[in-house]
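In UniProt numbering, the protein residues as written are 1 to 327.
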């Protein structure tokens, strides 16, 4: 049977006009898609406010409602993304994460926000100091490689830097120095007590530390009120701090209220062995009182060396206890 001109004769190649038409439609589709995405970006904050009910005065402080709305938005984004999230979904996620961070800040009081900012400033300043490798002079260098260096900085004074290699993993040290901070007086004889006065979120805390007097009472007991900022950036852990004031801990009778800051402990896995940790401690203290600078320099640098040794013994003994319990 002869085929008519309109009959199907197999796969038909599109003509040039048809290709141009398809291209135009695809371009229009992309424009519409991008336009929709931009509208989504712009409407996301408004949608969030509507879902959370914070557009209304009587529900503006309902933190739980706002957090639930944030969770719902993330859930919907996960469903949209599928197994391989596209770039625009990731961008919306980042925008919603920023909104979530703003919610957390809104839940803090003015005083709490001030503490958070102080902790972040201490961290940023400490990182800036440690990043500058010039001008450091050696104070102490032990046979095992422990080294204390120092230099004088404008508006800050003399800072000390301890650099050691510890046999423990970074996570184990972080747990001991951050999660178990209040137990430090049990293993460090230079510290009588560490007490957490207030926690703000996951990263910030206010602490009160009482130091022991030095041998011969050359430097009498001091106490400190500090804001601390604990952060993880990849495999590197930070514990930064500086002096602050807290209504729950005025100056104590029998102690000189000393000041510190910026100070920071940095822990990162060794490049040669990830089971070991490169440990750096930046120390800056104003002990107050009439103490010769030569005495202060000697006391502070020796305190850092002693701290490294006490920490080694603590981790070795706790590791032995854990092994015994496991058996």
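Glycine included, every Cβ here is placed at the ideal spot set by N, Cα and C.
> Short check: CB of residue 192 to CB of residue 212, under 7 Å?
Replying inline: Here the question's residue 192 lines up with position 192 in the chain shown. Here the question's residue 212 lines up with position 212 in the chain shown. Yes, the Cβ-Cβ distance between residue 192 and residue 212 is below 7 Å.
>> Can you give me the C-alpha to C-alpha distance between residue 248 and residue 179, rounded to a whole angstrom?
In response: Locating residue 248 in the chain shown gives position 248, counting from the first residue. Locating residue 179 in the chain shown gives position 179, counting from the first residue. So the alpha carbons of these two residues sit roughly 22 Å apart.
> Any idea what DSSP makes of residue 211, helix, strand or coil?
Replying inline: Reading the chain shown from its first residue, position 211 is the one you call residue 211. Strand, per DSSP.
> What number of angstroms, rounded off, separates the C-alpha of residue 177 from the C-alpha of residue 282?
Replying inline: Along the chain shown, read from residue 1 onward, the residue named residue 177 stands at position 177. Along the chain shown, read from residue 1 onward, the residue named residue 282 stands at position 282. Their Cα atoms are separated by approximately 15 Å.
> How many angstroms separate the CA atom of residue 250 from the CA atom of residue 221?
Replying inline: Taking the chain shown and counting its residues from 1, one reaches residue 250 at position 250. Taking the chain shown and counting its residues from 1, one reaches residue 221 at position 221. Cα to Cα, the separation comes out at about 16 Å.
>> Give me, in chain order, the residues of the same chain whose beta-carbon lies closer than 7 Å to that of residue 306; leave out the 5 immediate sequence neighbours on both sides.
In response: Residue numbering aside, residue 306 sits at position 306 when the chain shown is read from its first letter. Same-chain partners within the cutoff: 190.
> To the nearest angstrom, how far is it from the Cα of residue 171 to the Cα of residue 272?
Replying inline: Taking the first residue of the chain shown as 1, we reach residue 171 at position 171. Taking the first residue of the chain shown as 1, we reach residue 272 at position 272. The alpha-carbon atoms of residue 171 and residue 272 are separated by roughly 17 Å.
>> Under 8 Å: do the segment 199-208 and the segment 222-235 share three or more Cβ pairs, one atom per stretch?
In response: yes
> Taking buried to mean at least 16 other C-beta atoms within 10 Å of its own C-beta, is residue 328 buried or exposed?
Replying inline: What is shown of the chain runs 1 to 327, which leaves residue 328 out entirely.
> Which of the three DSSP states, helix, strand or coil, is assigned to residue 235?
Replying inline: To locate residue 235, count along the chain shown from 1; it is residue 235. DSSP places residue 235 in coil when its eight states are reduced to three.
> So, helix, strand or coil for residue 137, using DSSP?
Replying inline: In the chain shown, the residue the question calls residue 137 occupies position 137. Residue 137 falls in the strand class under three-state DSSP.
> Alpha carbon to alpha carbon, how far is residue 139 from residue 150?
Replying inline: Taking the chain shown and counting its residues from 1, the one referred to as residue 139 is at position 139. Taking the chain shown and counting its residues from 1, the one referred to as residue 150 is at position 150. One C-alpha to the other measures close to 7 Å.
>> On the CB-based measure, 16 or more other CB atoms within 10 Å of its CB, does residue 173 come out buried or exposed?
In response: Walking along the chain shown from the start, residue 173 turns up at place 173. Looking at its Cβ environment, which holds 16 or more other Cβ atoms inside 10 Å, residue 173 is buried.
>> Using CA atoms only, rank isn't needed, just tell me which of 279, 202 and 256 is closest to residue 236.
In response: Counting from 1 along the chain shown, the entry for residue 236 is found at position 236. Among 279, 202 and 256, the Cα nearest to that of residue 236 is on 279.
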